[in-house]
Structure formats: structure tokens, C-alpha cells
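Trainee: Got a structure for you, written out below as C-alpha cells; questions coming shortly.
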Amino acid sequence: DTSDKITLGNGNDVKGTRVRVFGRVHRERRQKEVMFLTLRDGYGYMQVVLTGPLSKTYDALTLTRETSMEILGELREVPAGAHAPNNRELHADYYKIHSHWKAAGGDDAITNRVSKDTEHATLLDLRHLTLRGETASKVMIVRDAVEFAFNQVYKELRFRKVSPPALVQTQVEGGGTLFKLNYYTEEAYLTQSSQLYLETCLPSMGDVYCIEKSFRAEKSLTRRHLSEYTHVEAELDFIDFNDLLDHLENVICRVLEVTLSNPVIKQYIMDLNPEFTAPERPFLRMKYEDAIKWLNEHEIVNEDGEAHKFGDDIAEAAERRMTDIINRPIFLTHFPAEIKAFYMQRDKEDPRVTESVDCLMPGVGEIVGGSMRMDQLDELMAAFGREGIDPTPYYWYWEQRKYGSSPHGGYGLGLERFLAWLCKQHTVRDCCLYPRYFGRCKP
Ligand code: 4AD
Ligand code: MG
Numbered sequence: 135d136t137s138d139k140i141t142l143g144n145g146n147d148v149k150g151t152r153v154r155v156f157g158r159v160h161r162e163r164r165q166k167e168v169m170f171l172t173l174r175d176g177y178g179y180m181q182v183v184l185t186g187p188l189s190k191t192y193d194a195l196t197l198t199r200e201t202s203m204e205i206l207g208e209l210r211e212v213p214a215g216a217h218a219p220n221n222r223e224l225h226a227d228y229y230k231i232h233s234h235w236k237a238a239g240g241d242d243a244i245t246n247r248v249s250k251d252t253e254h255a256t257l258l259d260l261r262h263l264t265l266r267g268e269t270a271s272k273v274m275i276v277r278d279a280v281e282f283a284f285n286q287v288y289k290e291l292r293f294r295k296v297s298p299p300a301l302v303q304t305q306v307e308g309g310g311t312l313f314k315l316n317y318y319t320e321e322a323y324l325t326q327s328s329q330l331y332l333e334t335c336l337p338s339m340g341d342v343y344c345i346e347k348s349f350r351a352e353k354s355l356t357r358r359h360l361s362e363y364t365h366v367e368a369e370l371d372f373i374d375f376n377d378l379l380d381h382l383e384n385v386i387c388r389v390l391e392v393t394l395s396n397p398v399i400k401q402y403i404m405d406l407n408p409e410f411t412a413p414e415r416p417f418l419r420m421k422y423e424d425a426i427k428w429l430n431e432h433e434i435v436n437e438d439g440e441a442h443k444f445g446d447d448i449a450e451a452a453e454r455r456m457t458d459i460i461n462r463p464i465f466l467t468h469f470p471a472e473i474k475a476f477y478m479q480r481d482k483e484d485p486r487v488t489e490s491v492d493c494l495m496p497g498v499g500e501i502v503g504g505s506m507r508m509d510q511l512d513e514l515m516a517a518f519g520r521e522g523i524d525p526t527p528y529y530w531y532w533e534q535r536k537y538g539s540s541p542h543g544g545y546g547l548g549l550e551r552f553l554a555w556l557c558k559q560h561t562v563r564d565c566c567l568y569p570r571y572f573g574r575c576k577p
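Following the UniProt record's numbering, the numbering of the sequence shown begins with 135 at its first residue and continues without gaps.
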């Protein structure tokens, strides 16, 4: 048979013609004289109708979910009043299951191993199976589209992509979350951020970005911390702090625009997050000091159960409550130097604070952290001293300040947090393929 092979999301335009499809049985429903299957592949779902003798064969009678099938038939519009994906169904006249492609049944049937009664820890061990679920597969497909959109948007802005090392001998975001390893007898770490390396690319490559893994030994269980996450980082040369904020707002909005311009992806996002609307511009810009006032006015206390005071870290819970109440993206800026990383540029007007920004999103809180960077050698060396960091292994970082330093800055966006916001997922663990977090390194 020479019928055209099509993927399951397609076929709206070929109603009435014969097609050949391949996929796995997502769902099955039997009636007396007819059997309905929902077939799934990576591109969508299709309803298949088996009638008469075809619904009574041994294979049909013993059919299990997840069985791989090849089906030939005619694509037709669904009868009025009936529902099927994309309003069409395949009337099969031939199908094939290779006996070794039949999915396990009985106790081993996927429906027995992954059900609403399965314990949470077991479900996590069975991620290779739960990935086949509608929610998980939609999130992963949206993730692919978002990553693609970031690449497209950075190309539009003429940023160059680089790939810094994951094995490093320097910290970026504090010694407390370093994964240490033995590197041929020397001490090395899994990188916390590619920022320092991106800064070294500016003089020769112009504005740069990367999409790489970052690693943090976060010894706590929260819904937004992973041990290994995907970090979208960018660095911009010859800018001031306002340029950085404008750029960041622009990138976030343009990435959403590009992502939503694909109708299938847009539908998946609306299925996952029916209330989603693209954020309004400009984003609310709020100084840390005003956020402290706002928290106190709303009687949201700090981690010690007391009123917030200048210099306090705004903890995850307080930050999320604030973001949920304000209910729109917030650029929180000008954090005190003591609670931020050593490399951040001070504000000229108020040296207590830094030219720093966190972008907060409803439901998640911080999804981006960024800043202007200290560009004067003496200030940077003093900052190493204040933090108690030995500058020796950082020679390649501070030495750049000797050779044509510049006002520059950048940011890092956690891709899983961005997705948790966009797809309204409770935890970042559901926004990556195989999550790694405190206590879990499998499958
Ligand atoms: O705020 P962070 O620590 O900033 C940096 O690493 C900068 N050096 C980035 C830069 O300027 N190039 O991390 C940036 C973002 C956070 O806002 C968050 O979205 C994400 O990375 N992130 C995590 N995501 C998941 N799990 C974790 N443990 C994360 N830690 C940070
Ligand atoms: Mg941060």
C-alpha cells in the first residue's frame, strides 16, 4: 500500500483520503460493534475507529495501552455532536501490531504501574513512563519551543552563542552550594553559572549568551530548586543599568511572542494554563527598599517571624506572596551589597546597594537574577577580600579589568522556573526531563 505516512497532529487537510499512521495506544474504548482508540505520537493525538471484524480480532480483544501500531484507513470528519482531536477520525481497514511491540498487560500494564493511586516517590522513579502522560509531554514540547525561541530572539538581537565549561575551579554564587569533585587530584566544581566566562567573551565577540546546565548543591526540598538546571545567561557590553532592564523585558516579551506564534504550542500552553495572558509592558519596577516597605505594609514577616528590615533576604515564601498579590511581573532592583554576589556593581547614588535585578513572576517568584558588574580592578579586588574569596584562581576574571574594562552587565534565567510560570506547574521538577534535586539522581 502506498498511502501517505502522516504524523498524528496532521491530517486536517487530507480528510477523505487514505493515510498510514504510526503511534502508541494512548486510550481505548470498546463498544459492541466498534472500538475507538486514541493513538499518540510526538506530534499529537488521533482517534481511530475499528469496526466489524477488525474490532473482534485476537489483537483487538487483547489490546493494551501503549502498544505500538501501524494503521491504514480513511480520514473522515467526526459525526456532528461527537468529539475527537482536531475533529477527525481514522476509519481503519488494516492495522498491524508486531507481536513484540505489544505493550505489557496484567500487573505490568502501564495503567497499573502509573495511576492516580501510585505513590509519589514511585511516580518519580517511573518518570520514563509518566513522561508519556498528556501534561508531562505538553510541558516538554513547550520547553523545546521556548528554548528555540530564546535562540531565535538572541539571533534577532545579534547575540553570539557560546558554550562555557561545566567543570570549573571558581565559584560564582557562594561556596555553600558548590558541588565539589576530584579532578585528577585537583579540586574542581560543577559550574554554578557561566557568567564569569561570558564576561570574558565581550571584547572579542560582542554581546553573548549561552544555554547551559548550572549546578547547585541545594540541600533543601523546595518546589523551585533543582541540583541541575538549565540556565539561559546573557552578557551585554557598554550598557547602563536601565539598558539592562529594558533589554531583559524585551527578551522575555519577544520570547513569549515567538513561542505563542506557533498555534500548536499556543494550544498546549492554554491547555496547561487556561488563564495565561502575555504580561503587560512595562513591567513594574520596584526597589528592594520599597519592597521591604510593601511587605511590612502587608504584614508579611521575615524568616524570624518579625517585620522585614533593610538588609534582610526576602525569603521564598514572602517573595511569592508579594508576587501573587501584585500579580504581574516585577523587576525588583537595588539589593543591598551584603546579600548579593561579590561581583555586583554598586549604585553610584547609594553605595549601600547594587545595580542588581531579580525578575519575579506570579506563582513562582524569582525567575531571573542579573546585575551590572564591577568594572574597576581595585573595587573588584576589595570585593574578593570582603567576601573572603582567594582571588588567585580568578586571575582570568579580574585580569580583564586591566585590558580595556567596560560598563557591562547580564543576567541568568532559570528555564525550568520560566516554564513553571508559563505552563502553571506547581514545581520546577515537572519542567525538566529527569529532575535532579536533593536526594534524587535517578532515573
Ligand atoms: O540568581 P542566580 O544565582 O544568578 C546567577 O547565577 C548569575 N550569575 C546569573 C548571571 O548574571 N549570569 O541564578 C539565576 C537564576 C535564578 O533567578 C533562577 O531562575 C535560576 O537561575 N536558579 C535555579 N533554578 C532552579 N534550581 C536552582 N537551584 C536554581 N538556582 C538558581
Ligand atoms: Mg538569585
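Built from N, CA and C at the ideal position, the CB exists for glycine as well. Since this is a predicted model, take the numbers as computed values, not measurements.
1) Indicate the three-state DSSP secondary structure (helix, strand or coil) for Val389 in the structure shown.
2) Would you say Leu378 and Arg570 are within 8 angstroms of each other, going by their C-beta atoms?
3) Would you list the one or two residues that DSSP bridges to residue 581?
4) According to DSSP, is Asn316 part of a helix, a strand, or is it coil?
5) Tell me whether Ile523 sits in a helix, a strand or coil according to DSSP, three-state version.
6) Compute the Euclidean distance between the alpha carbons of Asp147 and Cys344, then round it to the nearest angstrom.
7) Taking the continuous beta strand (DSSP E) assigned at Cys344, which residues delimit it?
8) Measuring only the C-alpha atoms, how far is Trp235 from Trp532?
9) Just checking my contact of Val280 with Phe552 at CB under 8 angstroms: how many whole Å lie between their CB atoms?
10) Could you tell me whether the region 460–472 touches the region 481–497, where touching means 3 or more Cβ pairs closer than 8 angstroms?
11) Using the beta-carbon of each residue, find all residues closer than 7 angstroms to any heavy atom of ligand 2 and list them in chain order.
12) For the putative contact between Leu195 and Ser137, defined by C-beta atoms under 8 angstroms, what is the C-beta separation to the nearest angstrom?
13) Between the Cα of His542 and those of Lys353, Asp227, Phe372, spot the shortest distance and give me the residue it belongs to.
14) So, for Gly539: in the same chain, excluding its five sequence neighbours on each side, which residues have a beta-carbon less than 8 angstroms away from its beta-carbon?
15) From this set, Leu257, Val273, Glu367, Leu265, which residue's C-alpha is nearest Pro160's C-alpha?
16) Using the Cα positions of Gly186 and Glu167, report the straight-line distance between them to the nearest angstrom.
17) Mind checking Phe444: buried by the 16 CB within 10 Å criterion, or exposed?
18) Looking at the secondary structure, which residues open and close the beta strand (DSSP E) in which Met495 lies?
19) Keeping to the same chain, check which residues put their C-beta closer than 8 angstroms to that of Ile403; ignore five residues upstream and five downstream.
Mentor: The answer reads as follows:
1) helix
2) no
3) Outside the modelled stretch of the chain, which goes from 135 to 577, sits residue 581, for which no answer is possible.
4) strand
5) coil
6) 39 angstroms
7) 342–349
8) 59 angstroms
9) 7 angstroms
10) yes
11) Asp492, Glu500, Gly503
12) Going by Cβ atoms, the distance from Leu195 to Ser137 rounds to 26 angstroms, so no, they are not a contact pair.
13) Phe372
14) According to the sequence shown, residue 539 is Ser rather than Gly. The answer, listed in chain order, is Asp509, Gln510, Leu511.
15) In the sequence under discussion, the amino acid at residue 160 is His, which differs from the Pro named in the question. That would be Leu265, whose Cα lies nearest to the Cα of His160.
16) 6 angstroms
17) exposed
18) 490–495
19) Val276, Thr393, Leu394, Phe410, Leu556, Cys557
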